[in-house]
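Here is the structure we will look at, set down as structure tokens.
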Amino acid sequence: MPPQNDPSNVAAAFSIPFTRYLAVDGSVEEELPDFAHDPAALIPLYRAMVLTRIFDEKAIALQRTGRLGTFPSSLGQEAVGVGAASAMLPEDVLLPSFREQSAQFWRGVTMKEVFLYWGGDERGSNFEGPREDFPVSIPVASHFPHAAGVALAFKLRDEKRAAVCIGGDGATSKGDFYEGLNIAAVWSVPAVFLINDNQWAISVPRQKQTAAQTLAQKAIAAGMPGEQVDGNDVIAVRDAVARALKRARSGNGPTLIEALTYRLTDHTTADDAHRYRSDEEVSQRWKEEPVSRLRNYLVSQDAWNKKDEEQLLSVCKEEVEKSADEYLATEPEPVSEIFDYLFKELPDDLRAQREFAIARIGGNEHD
Amino acid sequence: MPPQNDPSNVAAAFSIPFTRYLAVDGSVEEELPDFAHDPAALIPLYRAMVLTRIFDEKAIALQRTGRLGTFPSSLGQEAVGVGAASAMLPEDVLLPSFREQSAQFWRGVTMKEVFLYWGGDERGSNFEGPREDFPVSIPVASHFPHAAGVALAFKLRDEKRAAVCIGGDGATSKGDFYEGLNIAAVWSVPAVFLINDNQWAISVPRQKQTAAQTLAQKAIAAGMPGEQVDGNDVIAVRDAVARALKRARSGNGPTLIEALTYRLTDHTTADDAHRYRSDEEVSQRWKEEPVSRLRNYLVSQDAWNKKDEEQLLSVCKEEVEKSADEYLATEPEPVSEIFDYLFKELPDDLRAQREFAIARIGGNEHD
Amino acid sequence: MTERTLVEAITLALARTMDENEKVLVVGEDVGIDGGVFRATAGLINRFGKDRVRDTPVSETVIAGISVGLAAQGFRPVGEVQFMGFIYPVIDQLLNHASRLRTRTRGRITCPMVIRAPYGGGIHAPEHHSESMEALFTHIPGLRVVIPSSPARAYGLLLAAIRDPDPVVFLEPKRIYRSIKEEVEDTGNAIALDKCQLLRAGRDITLVSWGAMIVETLQAAETLSTEGIEAEVIDVATLKPLDAATILNSVEKTGRCAVIHEAPYTSGFGAEIAARLAEYGLTNLLAPVRRVTGYDVTMPLPKLEHYYMPTAARVVAAARESMEFS
Amino acid sequence: MTERTLVEAITLALARTMDENEKVLVVGEDVGIDGGVFRATAGLINRFGKDRVRDTPVSETVIAGISVGLAAQGFRPVGEVQFMGFIYPVIDQLLNHASRLRTRTRGRITCPMVIRAPYGGGIHAPEHHSESMEALFTHIPGLRVVIPSSPARAYGLLLAAIRDPDPVVFLEPKRIYRSIKEEVEDTGNAIALDKCQLLRAGRDITLVSWGAMIVETLQAAETLSTEGIEAEVIDVATLKPLDAATILNSVEKTGRCAVIHEAPYTSGFGAEIAARLAEYGLTNLLAPVRRVTGYDVTMPLPKLEHYYMPTAARVVAAARESMEFS
Ligand SMILES: Cc1ncc(C[n+]2csc(CCOP(=O)(O)OP(=O)(O)O)c2C)c(N)n1
Ligand SMILES: Cc1ncc(C[n+]2csc(CCOP(=O)(O)OP(=O)(O)O)c2C)c(N)n1
Ligand SMILES: [Mg+2]
Ligand SMILES: [Mg+2]
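Protein sequence lines, in the order shown, are assigned to chains A, B, C and D.
Read left to right, the first sequence gives residues 0 to 366 (numbering that gives the first Met the number 0).
Read left to right, the second sequence gives residues 0 to 366 (numbering that gives the first Met the number 0).
Read left to right, the third sequence gives residues 0 to 325 (numbering that gives the first Met the number 0).
Read left to right, the fourth sequence gives residues 0 to 325 (numbering that gives the first Met the number 0).
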């Protein structure tokens with residue numbers, strides 16, 4: 000509460016709305032938005048979430064067997080990326096943090112590419128699909144100003160496109176998060192900032208990131224609208240992002256959306272969450288997770304059944320296995336590639352280093 | 000306005016109070032706080048503002064005649080520093096930006112020291128008075144995290160002290176401003192953050208810094224109380240800072256206060272504000288300035304008259320001239336001083352450089 | 000024939016490139032109606048409009064970060080940072096993003112952007128305004144680092160920097176923003192971004208410098224000449240990538256070398272030049288390489304600043320010592 | 000007798016100093032109950048409580064900035080930055096404040112703080128996790144830069160860093176966090192912060208390195224020894240201030256020198272060492288100084304990382320070339 004003062008003198012007042020359509024058990028809580036009226040229209044969202052979950056499992060398995068690097072699973076948070084990406088148009092630009100493979104897949108980044116990236120191969124960020132989408136941002140929040148820049152480009156060219164930037168709850172503590180929001184709002188650029196509030200930044204719980212009640216209210220500092228959605232309700236996420244994109248495209252500037260969800264597994268394969276949080280907490284949160292929530296809804300609408308589920312799982316597994324095989328079969332790049340994309344034209348001093356590097360390994364990979 | 004949504008689902012709501020006691024003409028608008036009941040008690044505040052104004056004039060004159068470096072006048076903003084410093088206890092710590100000489104003087108930094116600093120002499124930051132106060136921070140907002148650190152020290156030692164950090168409207172755009180606020184709030188440390196919102200950051204008007212309606216609302220992002228005061232009403236500033244200090248000392252954490260004021264002159268002596276703003280705007284703002292506002296009030300209460308004024312001006316001028324003379328008479332430091340405070344003990348490699356530097360100038364200042 | 004100051008040459012190059020390529024934008028604090036704290040962008044907003052000459056809030060991270068986004072979208076942002084003391088937050092964006100976007104996406108996304116900033120001491124500026132931290136940028140792979148030392152070179156190098164398809168840090172020696180005038184025609188001719196500039200031919204010793212210290216270095220060369228010592232003076236100009244060949248060839252001829260810079264001694268860019276000589280020019284060296292530099296101290300406030308700044312006399316002394324070495 | 004890994008030695012030194020001085024605090028992301036992403040602070044929160052072992056939000060600027068405030072108030076904060084790729088925002092606080100508070104207040108306010116960060120490649124870590132940017136810090140006046148290369152040295156140097164009255168950047172070679180074990184007793188004995196460590200005596204060539212590359216350097220020395228080349232191996236350990244005398248004295252004896260580091264070549268700290276030799280050891284040099292370093296490229300992702308990392312074979316080749324030079 001603000002310090003005691005004459006309440007009649009109010010300089011400004013704000014509120015942060017909250018949106019959820021599907022209750023935890025998949026029952027409908029609020030009238031569904033247009034895009035969700037036909038349950039069949041939601042099946043692609045369901046499919047995308049399931050695919051991501053199977054992909055994440057496979058990625059962990061590959062990591063455990065030494066065939067992939069450190070990997071951040073998105074278990075339990077699939078609705079955030081899928082909800083956001085499904086609201087975007089192909090010509091929009093996604094600027095994801097490192098945990099939004101679900102959004103990347105929807106946008107057309109291939110599973111092979113995502114495997115390559117986390118397998119330690121730069122070609123994984125050379126997307127064949129969405130050529131203008133940014134690679135994932137590892138330095139937390141450092142991509143928020145980029146999103147403002149991309150959105151400014153759209154505005155300057157008078158294009159009806161928008162930039163969608165996703166970061167975690169931890170990202171909201173960084174200065175560049177805030178600076179990115181502030182410039183986006185003051186220049187009124189078509190950007191949507193989405194927080195995957197999965198309650199944890201490695202071992203630091205949401206409550207220790209900030210004293211702010213909601214992360215959405217950080218929008219108020221930048222003078223842009225902020226809202227909170229249930230991030231385990233893919234309908235709510237897509238609805239909020241779609242509304243924000245509409246605002247952006249109509250020239251009304253950026254929006255901050257906080258999607259409340261939960262990281263159901265370790266931070267990455269390098270982490271052991273048992274060190275810092277209880278199994279009880281996690282099992283409670285399993286009850287809210289987005290995949291079964293949407294499935295329950297679809298089943299309740301007779302839009303989905305056990306056979307559909309089995310078929311989907313087997314198709315997804317097949318796709319994931321196929322992509323993993325492609326990834327594993329990818330020939331590594333030659334050493335020259337560490338030089339050849341640094342500049343458009345290789346400067347002389349690098350040419351000498353490049354020749355040395357090639358000469359030194361001769362025919363071998365390692366010298 | 001936030002995007003359209005069911006208004007019944009409100010996750011959080013906030014408001015930003017505004018405080019002013021003295022109207023622009025010096026008449027009383029709200030019942031005065033306790034410390035201001037006796038008009039005589041306000042005379043020291045008045046005196047401090049007048050002294051600062053005379054000091055600033057002298058500093059500009061010295062700069063114009065090549066005897067001082069670039070100098071940032073606080074013309075029109077004297078109530079911010081005086082209001083804040085007068086609410087503080089000696090054992091509190093001030094972390095000022097570069098335009099808060101009025102606060103520094105109240106705290107016991109001497110005019111000679113401030114002249115020395117802007118004259119380019121590090122001894123100007125070696126305050127004889129408030130030994131723990133920070134030197135001014137030139138890199139905008141970079142001292143906000145320091146304030147959180149100082150306040151944390153108080154909290155850890157269980158001392159009833161607070162850190163008071165002052166920055167400009169421009170400072171609120173920087174990431175370190177935001178990060179400093181966020182950590183102060185989440186760790187609930189005894190800090191008060193005060194924004195001297197003088198409407199300009201060099202040539203950039205307040206409206207181009209941020210889309211936020213008020214700067215006080217940036218507190219909401221950090222989950223701390225924020226409030227706005229009339230920064231040309233020294234009573235309002237002191238009142239708000241005093242309340243915030245009380246909160247801080249009672250263990251209730253930090254506060255952000257935005258003091259609305261106006262930079263009546265150039266950004267610094269290196270600036271020419273005519274390039275980017277109109278004389279009309281400035282003359283309008285002269286009507287609101289803090290010194291005559293308080294004087295009008297004091298006169299209306301029979302607590303001040305023409306003779307008092309004349310006497311005060313002559314005493315202040317004398318003090319300022321005396322300090323200027325002392326400053327001008329200060330012998331420069333020897334070259335060794337650029338080495339001798341870098342580390343507690345000079346490392347060997349610097350010892351050699353130090354000897355070289357001394358040898359090279361021989362008896363001369365310049366080689 | 001128009002004589003211009005260095006800062007006027009900067010303005011000219013900015014205007015030229017904005018004129019020839021509508022993708023060129025200027026972003027920074029006070030670059031608009033104010034024309035920049037050093038007037039480097041004066042007049043641009045009137046000529047090119049406020050869409051293309053954009054005042055930012057006080058947010059250096061944003062100046063760099065928004066430029067990355069703009070550059071990825073095909074714009075050519077030129078960001079101004081007001082003083083070197085405020086450029087450090089920019090390192091994060093340059094190192095983690097701008098300098099590597101091309102390589103991390105294997106050429107899919109590129110980052111043609113310039114960060115301009117004045118640097119250096121000697122004008123009695125306030126605290127944090129006078130540092131020379133150019134060496135930091137030279138260690139960042141994927142970045143070009145350019146420093147002009149005269150109006151004409153400022154014009155030609157800035158044209159090249161803005162036209163370059165990759166990120167460039169362009170540091171301007173503010174001490175000589177207005178102290179030298181030189182004929183600068185608006186020819187549109189760029190100066191190559193990977194070549195040292197030979198400013199004076201000589202046979203006895205090679206003096207290597209850049210930025211404002213070129214003034215003292217040339218003065219020293221004049222003085223030495225009166226003593227019969229003919230110094231070759233090389234302006235490094237493009238610190239990264241370094242044109243080591245020009246320096247090595249010169250020292251092959253002269254056998255002696257002093258590097259002069261304002262930045263602190265340890266890990267200043269003079270170290271890199273001396274190291275190249277130790278590595279690739281050793282057998283040509285007739286005397287130890289000398290570094291005439293600032294001290295390893297915090298840049299002093301104006302009252303003691305002159306003690307810090309390398310002087311022509313120090314360069315002369317170092318050159319004499321080098322000549323006397325045997 | 001207890002054998003410990005390097006990271007265990009770090010923990011030991013942290014616990015020791017926290018025990019002996021209640022002003023010592025640990026701040027950083029996940030340093031509390033998680034014990035740090037590399038477990039360097041494991042157990043400290045249980046032993047010293049959450050007031051003194053503080054999890055910060057994801058805010059590197061705050062880790063440094065709050066430490067400045069704490070240090071000014073007499074605390075001795077030890078900040079942890081999780082990976083080198085996230086340390087750049089910290090440069091602003093170190094350069095503009097921590098490193099100069101003492102000098103800008105003429106001794107009134109001091110800044111005894113340590114920033115710890117793991118650095119370097121070779122463990123197949125994700126993007127931005129494997130850089131070696133130590134040279135940047137060595138150019139900042141008023142800062143000490145320390146890099147241990149073994150468990151015992153990590154223990155002794157960290158004790159010294161935390162006890163030091165001025166700011167220290169303490170960079171930990173994470174590739175050898177667990178790969179070497181060594182006897183480390185909790186003696187409380189610090190190692191001087193301005194002395195290179197002689198790791199191997201030799202007469203033929205001086206190999207200078209630091210951090211994880213000490214492993215390859217010692218391996219190379221062994222190989223060279225089988226060929227009759229006896230290398231002297233110096234671990235710089237305290238890069239700033241640099242103990243140049245130890246290196247110069249060694250090269251006076253051997254006449255040859257190679258510097259080995261993982262960081263990119265240009266403006267790496269190897270440049271400073273080679274430069275000192277060009278300046279103060281020239282007449283002792285029988286062969287060009289060699290720098291065996293990373294390339295001037297963005298640190299590759301794991302699949303190509305091994306191409307980037309300097310190897311013992313490269314050190315051996317450089318040493319042989321040096322020996323053959325005449
Ligand atoms: C600037 C920065 N600091 C530290 C890290 C190390 N790190 C990786 S992920 C992470 C936590 C991020 O939390 P959050 O933003 O909530 O994203 P989540 O991992 O939960 O998806 C940290 C601290 C980093 N990547 N970037
Ligand atoms: C980080 C940083 N960037 C740029 C500058 C240059 N500069 C000095 S004052 C100033 C404007 C500051 O505006 P504000 O915070 O409103 O303070 P005011 O000058 O109005 O008191 C700028 C941009 C600086 N000092 N620090
Ligand atoms: Mg999180
Ligand atoms: Mg202002």
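A virtual CB, placed ideally from N, CA and C, is assigned to each residue, including glycine.
Quantities reported herein were computed from a predicted structural model and do not represent experimental measurements.
Query: Here's a check: name, in chain order, each residue in its chain whose Cβ is nearer than 6 Å to the Cβ of Gln-76 (chain A), leaving out the five neighbours to either side.; Result: Asn-195, Asn-197 and Thr-260
Query: Within 8 Å (strictly less), CB to CB, does Asp-164 (chain C) reach chain A?; Result: Note on residue identity: the sequence assigns Pro, not Asp, to residue 164 (chain C). Closer than 8 Å to some Cβ of chain A, the Cβ of Pro-164 (chain C) qualifies, so yes.
Query: Quick one: does Thr-297 (chain D) have its CB under 8 Å from some CB of chain A?; Result: yes
Query: Give the residues of chain B in contact with Asn-181 (chain A), contact being defined as C-beta atoms less than 7 Å apart.; Result: Ser-172 and Thr-209
Query: Under 7 Å, CB to any heavy atom of ligand 4. Which residues pass, going along the chain?; Result: B:Gly-167, B:Asp-168, B:Gly-169, B:Asn-195, B:Asp-196, B:Asn-197, B:Gln-198, B:Trp-199, B:Ala-200 and B:Arg-262
Query: Could you check whether Leu-180 (chain A) and Leu-255 (chain A) sit closer than 8 Å to each other, using their CB atoms as the reference points?; Result: yes
Query: Using only the heavy atoms of ligand 2, determine whether one of them is closer than 7 Å to the beta carbon of Lys-302 (chain C).; Result: no
Query: For the putative contact between Val-139 (chain B) and Val-191 (chain B), defined by C-beta atoms under 8 Å, what is the C-beta separation to the nearest angstrom?; Result: Not a contact, Cβ separation roughly 19 Å.
Query: Phe-17 (chain A) lies in the beta strand (DSSP E); which residues open and close that run?; Result: 9-18
Query: Going by other Cβ atoms of all chains shown within 10 Å of its Cβ, with 16 needed for buried, is Leu-327 (chain B) buried or exposed?; Result: exposed
Query: So what's Ala-150 (chain A) in DSSP terms, helix, strand or just coil?; Result: helix
Query: Could you give the distance in angstroms between the alpha-carbon of His-365 (chain A) and the alpha-carbon of Ala-312 (chain D)?; Result: Because His-365 (chain A) sits at a pLDDT of 42, beneath the cut-off of 50, its placement in the model cannot be relied upon, and the following sentence gives the value as read from the coordinates. Using only the alpha carbons, I get a separation of about 10 Å.
Query: Do you know offhand how far Asp-91 (chain B)'s Cα is from Lys-180 (chain C)'s?; Result: 52 Å
Query: Between Ser-322 (chain B) and the rest of its own chain, which residues show a CB-CB distance below 6 Å, the 5 nearest in sequence each way excluded?; Result: Met-110 and Lys-111
Query: When Cβ atoms are compared, which residues of the region 106-132 of chain D fall closer than 8 Å to chain A?; Result: His-123, Ala-124, Pro-125, Glu-126, His-127 and His-128
Query: On the DSSP bridge assignment, give the partners of Gly-293 (chain C) in chain order.; Result: C:Pro-263
Query: Report the neighbours of Thr-104 (chain C) on chain A: residues whose CB is nearer than 7 Å to its CB, in chain order.; Result: Ser-124, Asn-125 and Pro-134
Query: Return the residue from the list C:Val-6, C:Val-25 and C:Val-214 that minimises the CA-CA distance to Arg-38 (chain C).; Result: C:Val-6
Query: Going by the C-beta, is Lys-217 (chain B) closer than 7 Å to any heavy atom of ligand 2?; Result: no
Query: Mark Ser-249 (chain A) as exposed unless 16 or more other C-beta atoms lie within 10 angstroms of its C-beta, in which case mark it buried.; Result: exposed
Query: Look at Ile-114 (chain C) and Gly-78 (chain C) and say whether their C-beta atoms are less than 8 Å apart.; Result: yes
Query: Who does Trp-285 (chain B) pair with in a DSSP beta bridge?; Result: For Trp-285 (chain B), which the question treats as bridged, DSSP gives no partner whatsoever.
Query: Under 6 Å Cβ to Cβ from Arg-205 (chain B), same chain only, skipping five residues before and after it: list those, please.; Result: Asp-168 and Gln-198
Query: I'd like to know if the region 150-158 of chain D and the region 306-325 of chain D are in contact, where contact means that at least 3 CB-CB pairs between them fall below 8 Å.; Result: no
Query: Taking a Cβ distance cut-off of 7 Å, strictly less, list which residues of the region 49-60 of chain D are near chain A, in chain order.; Result: Asp-54, Pro-56, Val-57, Ser-58 and Thr-60
Query: Would you give the residue range spanned by the beta strand (DSSP E) that Gln-196 (chain C) belongs to?; Result: 196-199
Query: Buried or exposed: which applies to Asp-301 (chain B), given that a residue is buried once 16 or more other Cβ atoms fall within 10 Å of its Cβ?; Result: exposed
Query: Would you kindly check if the distance between the Cβ of Gly-25 (chain A) and the Cβ of Asn-295 (chain A) is under 8 Å?; Result: yes
Query: So if I threshold CB-CB distances at 7 Å, which residues from the region 184-204 of chain A count as touching chain D?; Result: Ala-200, Ile-201, Ser-202 and Val-203
Query: Taking all protein chains shown into account, do 16 or more other C-beta atoms lie within 10 angstroms of the C-beta of Ser-313 (chain A), making it buried, or fewer, making it exposed?; Result: exposed
Query: Leaving out five residues before and five after Arg-177 (chain D) in sequence, what residues of the same chain have Cβ atoms less than 8 Å from its Cβ?; Result: Thr-4, Leu-5 and Val-6
Query: At a CB-CB cut-off below 7 Å, which residues of chain C make contact with Ala-356 (chain B)?; Result: Tyr-294 and Tyr-306
Query: So Ile-86 (chain D) and Ala-124 (chain D) are supposed to be a Cβ contact under 8 Å. How far apart are they, rounded?; Result: Going by Cβ atoms, the distance from Ile-86 (chain D) to Ala-124 (chain D) rounds to 15 Å, so no, they are not a contact pair.
Query: Taking a Cβ distance cut-off of 8 Å, strictly less, list which residues of the region 79-90 of chain D are near chain A, in chain order.; Result: Gly-84, Phe-85 and Pro-88
Query: Chain D beta carbons: is any one of them nearer than 8 Å to that of Gly-225 (chain B)?; Result: no
Query: For Asp-175 (chain B), which residues in chain A fall below 8 Å Cβ to Cβ?; Result: Gly-174
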